[in-house]
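Have a look at the structure below, then the notes.
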Amino acid sequence: MTINKQEILTPFDIGQVNLKNKFAVAPMTRISASEEGLASHRQVEYYERFAKGGFGLTVTEGIYTDQKFSQGYQFQPGITDLEQAQAWQAVTSAVHNHEGKIFAQLMHAGALSQGNRFSQVTGGPSAVTPKGEQMGFYYGNGKYPTPKALTEEDIADAIDGFAKSAQRAIEISSFDGIEIHGANGYLLDQFLTDFSNHRTDKWGGDVKKRVRLILEVYKAIRQVVGSATVGVRISQGKVNDFFHKWSEGEAGAEVVFGSLADAGVDFIHVTEFEAWQPAFATGGDSFVKLARRYAPNQVIITNGSLHQVDHIEDVIKDGADIIALGKGALANPDFPNRFAGGESMVDFDPSILGPVADIKNSELA
Ligand SMILES: Cc1cc2nc3c(=O)[nH]c(=O)nc-3n(C[C@H](O)[C@H](O)[C@H](O)COP(=O)(O)O)c2cc1C
Numbered sequence: 041m042t043i044n045k046q047e048i049l050t051p052f053d054i055g056q057v058n059l060k061n062k063f064a065v066a067p068m069t070r071i072s073a074s075e076e077g078l079a080s081h082r083q084v085e086y087y088e089r090f091a092k093g094g095f096g097l098t099v100t101e102g103i104y105t106d107q108k109f110s111q112g113y114q115f116q117p118g119i120t121d122l123e124q125a126q127a128w129q130a131v132t133s134a135v136h137n138h139e140g141k142i143f144a145q146l147m148h149a150g151a152l153s154q155g156n157r158f159s160q161v162t163g164g165p166s167a168v169t170p171k172g173e174q175m176g177f178y179y180g181n182g183k184y185p186t187p188k189a190l191t192e193e194d195i196a197d198a199i200d201g202f203a204k205s206a207q208r209a210i211e212i213s214s215f216d217g218i219e220i221h222g223a224n225g226y227l228l229d230q231f232l233t234d235f236s237n238h239r240t241d242k243w244g245g246d247v248k249k250r251v252r253l254i255l256e257v258y259k260a261i262r263q264v265v266g267s268a269t270v271g272v273r274i275s276q277g278k279v280n281d282f283f284h285k286w287s288e289g290e291a292g293a294e295v296v297f298g299s300l301a302d303a304g305v306d307f308i309h310v311t312e313f314e315a316w317q318p319a320f321a322t323g324g325d326s327f328v329k330l331a332r333r334y335a336p337n338q339v340i341i342t343n344g345s346l347h348q349v350d351h352i353e354d355v356i357k358d359g360a361d362i363i364a365l366g367k368g369a370l371a372n373p374d375f376p377n378r379f380a381g382g383e384s385m386v387d388f389d390p391s392i393l394g395p396v397a398d399i400k401n402s403e404l405a
């Protein structure tokens with residue numbers, strides 16, 4: 041399939057933010073902050089490289105949002121107070137120096153936390169032991185502990201953590217927008233997922249009730265950031281359960297994407313292993329096509345193995361606006377510039393994430 045390069049290299053608006061092209065760096069946790077969660081000089085150079093390499097948008101790694109249950113990993117950056125928010129200023133200004141835009145991904149790890157200096161116990165929707173094992177490349181080891189079921193007060197604190205963090209991100213750190221991490225098995229996805237959410241109160245039950253926390257977080261953020269760009273990342277697969285599929289199938293997609301659209305999010309960022317494949321085992325439409333169908337007026341960012349450039353055209357046909365690259369960007373921090381120049385791409389080398397996933401010297405600007 042031939043690719044319409046010009047279409048991807050054309051400027052594009054996402055909410056109030058003008059991007060110079062449609063390539064984005066997908067969020068990637070690299071545990072390279074200080075122990076206190078302050079973004080480091082290493083991160084400044086790492087993020088700068090993507091902007092220099094032509095990415096119109098970079099979404100940061102997941103940033104923790106409160107000093108209770110949200111931190112997931114040792115050396116993960118936070119944005120829970122003034123000092124942490126100020127530490128991001130060097131990152132955002134380095135990206136802005138190259139005409140790039142950068143969104144903060146706000147993440148609450150919930151039951152998948154494997155390193156939280158504020159809490160010895162983890163918290164999730166219900167006391168259900170997560171599937172899978174902790175991630176060694178983020179200093180984890182063995183099974184996940186069984187979380188405590190968050191109380192009404194804990195949930196209010198979590199929402200407040202997201203909102204205050206978003207406000208700091210926009211007002212203090214100078215981020216261009218906010219991505220709420222509703223994907224990949226972390227707290228908001230734990231609420232969305234029937235396996236992990238057994239609640240019988242207003243936060244649990246059918247998918248309409250399970251999506252509620254994501255919507256409440258969005259609303260709370262919207263109240264404090266005015267018209268700043270805010271969107272949500274959604275997936276089926278999880279870091280601890282790669283092949284999870286929504287039991288409701290397309291009806292679930294209608295509720296999730298439809299209610300995000302009704303709430304008025306600026307963008308929805310969908311991620312799958314291979315973005316162009318049918319969303320469900322029964323075949324049919326891709327996840328991105330379903331997002332486009334039920335959120336016709338939202339910007340759709342899509343992610344999943346799109347370093348295979350032949351498939352970019354497929355997802356654009358399915359309704360994607362922006363193409364986000366994870367491993368492809370790690371291997372080619374100048375992916376957009378190479379793409380524009382018709383140059384070949386470097387294959388991803390997984391050893392860069394070992395033995396732990398911190399940023400390596402070879403990745404610095
Ligand atoms: C090292 C690493 C860290 C990641 N951390 C995050 C994260 O913090 N937040 C998130 O939403 N996704 C995270 N992801 C998932 C990526 O954003 C992306 O969905 C995944 O790599 C698939 O896209 P790709 O095929 O382009 O690599 C991470 C992926 C990698 C490889």
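Residue numbers (the working numbering): 41 to 405.
Think of the CB as a built atom: it goes at the ideal place given N, C-alpha and C, for glycine as much as any other residue.
Quantities reported herein were computed from a predicted structural model and do not represent experimental measurements.
Report back the beta-carbon spacing between residue i and residue j to the nearest angstrom; my notes put them in contact at under 8 Å.
i                 : j              : result
alanine 331       : isoleucine 308 : 5 Å
valine 429        : alanine 364    : In the structure as shown, the chain starts at 41 and stops at 405, and residue 429 therefore has no counterpart that could be examined.
leucine 124       : glycine 155    : Contrary to the premise, residue 124 reads as glutamine rather than leucine in this sequence. Not quite, the Cβ-Cβ distance comes to about 16 Å (not below 8 Å), so this is no contact.
valine 279        : asparagine 237 : With a Cβ gap of about 17 Å, valine 279 and asparagine 237 do not count as contacting.
alanine 303       : asparagine 337 : About 12 Å separates the two Cβ atoms, so there is no contact after all.
tyrosine 334      : glycine 298    : 4 Å
phenylalanine 202 : alanine 260    : 6 Å
tyrosine 104      : tyrosine 179   : At roughly 15 Å, the Cβ-Cβ gap does not stay under 8 Å, so tyrosine 104 and tyrosine 179 are not in contact.
glycine 366       : methionine 68  : 6 Å
lysine 171        : aspartate 241  : Lysine 171 to aspartate 241, Cβ: 24 Å. No contact.
isoleucine 195    : tryptophan 243 : 7 Å
Bridge partners for residue i per DSSP, in chain order?
i                 : result
isoleucine 218    : Ala144 and Val270
aspartate 281     : Lys278
phenylalanine 307 : Gly271 and Val339
aspartate 53      : Asn58
phenylalanine 63  : Ile363
isoleucine 103    : Leu146
lysine 183        : Glu173
proline 318       : Ser326
asparagine 224    : Lys278
glycine 163       : Lys188
threonine 120     : The partner list for threonine 120 (beta bridge, DSSP) is empty, contrary to what the question assumes.
leucine 97        : Ala64 and Lys141
Given residue i, which residues of its chain have a CB within under 6 Å of its CB, disregarding the five upstream and five downstream residues?
i                : result
phenylalanine 52 : Leu59 and Lys62
threonine 342    : Val310, Ala315, Val328, Val355 and Ala360
arginine 89      : Pro373 and Ala405
methionine 41    : Residue placement at methionine 41 cannot be trusted, given a pLDDT of 47 that sits under 50; the coordinates are not used to answer.
leucine 97       : Leu59, Ala64 and Lys141
glutamate 312    : Phe327 and Gly344
leucine 393      : Phe177
valine 161       : Lys188
proline 185      : Thr162
Residues in the same chain with beta-carbon distance under 8 Å from residue i, minus the five sequence neighbours each way, listed in chain order, please.
i             : result
aspartate 197 : Asp106 and Lys108
tyrosine 86   : Arg70, Ser72, Ile399, Glu403, Leu404 and Ala405
glutamate 75  : Gln114, Phe115 and Arg157
proline 376   : Leu49, Asn61, Phe63, Gly93, Gly94, Phe95 and Gly96
glutamine 126 : Ile212 and Ser213
leucine 122   : Arg208 and Ile212
threonine 233 : Gly225, Arg250, Lys278 and His284
Going by beta carbon distance, what residues of the same chain come within less than 7 Å of residue i, once the five residues before and after it are set aside?
i                 : result
phenylalanine 283 : Gly277
valine 295        : Val247, Lys248 and Val251
glutamate 173     : Gly182 and Lys183
glutamine 406     : It is not possible to answer for residue 406, since the shown part of the chain is limited to 41 through 405.
valine 305        : Tyr258, Val270, Gly271, Val272 and Gln338
arginine 239      : Pro165 and Ser166
histidine 221     : Gly102, Gln145, Leu146, Met147, Leu228 and Arg273
serine 378        : Checking the sequence, you will find arginine at residue 378 rather than serine. So the list reads Asn372 and Met385, once near-sequence residues are dropped.
glutamate 288     : Val247
serine 80         : Ser72, Ala73 and Ser74
Answer with yes or no whether the minimum CB distance from residue i to chain B is below 8 Å.
i                 : result
phenylalanine 388 : Checking the listed chains, one finds no chain B in this structure; it contains a single protein chain.
Open item on the list: Does the structure place the stretch 196-215 close enough to the stretch 136-146 that three or more beta carbon pairs sit under 8 Å?
Closed with: yes
- [ ] Would you be able to state if there are at least three C-beta pairs under 8 Å between the stretch 187-197 and the stretch 154-173?
- [x] yes
Task: Three CB pairs or more closer than 8 Å across the stretch 211-223 and the stretch 127-135 - done: The stretch 211-223 vs the stretch 127-135: in contact.
Task: Three-pair Cβ contact test at 8 Å for the stretch 215-233 versus the stretch 260-280 - done: yes
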